[in-house]
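Numbered per UniProt numbering, the sequence shown spans residues 1 to 158.
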Amino acid sequence: MSAGKSFFDYAAFMLEESQRLDTVLFDDATSDGVSKSDLSVFHEGARYRYCRELYVAAALYYTNKYSEQDLPQARRHLFRWAYALRLAYERLGWKSTDNYARGLSTGLDGMNELNLFATIRDSLDPRGIALENMRSPQSSRTDNPDDLHLHALLTEAH
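1. Could you tell me the distance, in whole angstroms, from the CA atom of R75 to the CA atom of Y66?
2. Taking only the alpha-carbon atoms, compute the straight-line gap between S31 and F42 and give it to the nearest angstrom.
3. Quick one: what does DSSP say D143 is sitting in, helix, strand or coil?
4. Out of D70, T119 and S18, state which residue places its alpha-carbon closest to the alpha-carbon of L60.
5. Following the continuous alpha helix (DSSP H) through S96, name the residue where it begins and the one where it ends.
6. Under a Cβ-count criterion, where at least 16 other Cβ atoms within 10 Å of its own Cβ denotes burial, should D27 be classed as buried or exposed?
7. So, for D22: in the same chain, excluding its five sequence neighbours on each side, which residues have a beta-carbon less than 7 Å away from its beta-carbon?
8. What are the boundary residues of the alpha helix (DSSP H) that A84 is part of?
9. Determine the DSSP secondary structure at A58, reduced to helix, strand or coil.
10. For D125, which of helix, strand or coil comes out of DSSP?
11. Give every residue of the same chain whose Cβ lies closer than 6 Å to the Cβ of R80, excluding the five residues on either side of it in the sequence, and list them in chain order.
12. Is it the case that the Cβ atoms of D70 and P126 are separated by a distance below 8 Å?
13. Expressed to the nearest angstrom, what Euclidean distance is found between the alpha-carbon atoms of E156 and D146?
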């Protein structure tokens with residue numbers, strides 16, 4: 001019984017950390033030169049749900065491994081890695097997101113074929129992860145104004 005309790009305590013802690021990071025990543029966005037209102041559609045919009053979850057999960061894994069000390073520098077790269085996926089698909093689903101996260105996506109307009117989670121797991125130092133090399137598609141697959149704004153943000157921040 002006690003081993004079960006520690007698992008549920010850990011799960012509850014990680015859920016709280018995820019929610020806290022979600023707030024940090026989107027409410028404190030002005031530190032990256034991007035206003036909170038610029039990012040609100042990417043946080044709240046249904047089209048961006050899987051990207052947001054991927055972004056928060058990557059940040060959670062990153063901070064769990066290395067601490068939050070380097071998060072201000074890493075977050076824009078993690079954002080580019082997670083949200084670039086939205087530009088590669090007209091309709092983005094869970095399976096495509098899962099394949100991308102696991103590094104199994106190929107031929108996506110020069111996108112990252114990187115399992116970022118495995119790279120973080122295997123790296124002893126955050127400087128060993130080439131976050132600055134994260135790429136985004138050359139263009140958006142849709143004419144959606146929010147996607148075009150996202151593309152501008154991703155290419156501007158590169």
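We put the beta carbon where it would ideally sit given N, CA and C, even for glycine.
Keep in mind the model is a prediction, meaning the values are calculated, not measured.
So, from the listed chains and residues:
1. Looking at the backbone, the Cα of R75 and that of Y66 are separated by about 13 Å.
2. Interpretation of S31 is limited by its pLDDT of 48, a score under 50 that renders its predicted location unreliable; no figure is taken from the coordinates.
3. D143: coil per DSSP, three-state reduction.
4. It is S18.
5. In the DSSP assignment, S96 falls within the alpha helix (DSSP H) that extends over W94 to A101.
6. Residue environment: D27 is assigned as exposed (fewer than 16 neighbouring CB atoms within 10 Å of its CB, all protein chains considered).
7. Annotation for D22: V56 place their beta carbon closer than 7 Å to its own, counting only its chain and skipping 5 residues before and after.
8. Counting along the chain, the alpha helix (DSSP H) containing A84 begins and ends at L71 to A88.
9. Judged by DSSP in its simplified three-state form, A58 adopts helix.
10. Looking at D125 - three-state DSSP - the assignment turns out to be coil, as it is neither helix nor strand.
11. Contacts found: M134, S136 and L154.
12. Yes, the Cβ-Cβ distance between D70 and P126 is below 8 Å.
13. Their backbone Cα atoms lie some 15 Å apart in a straight line.
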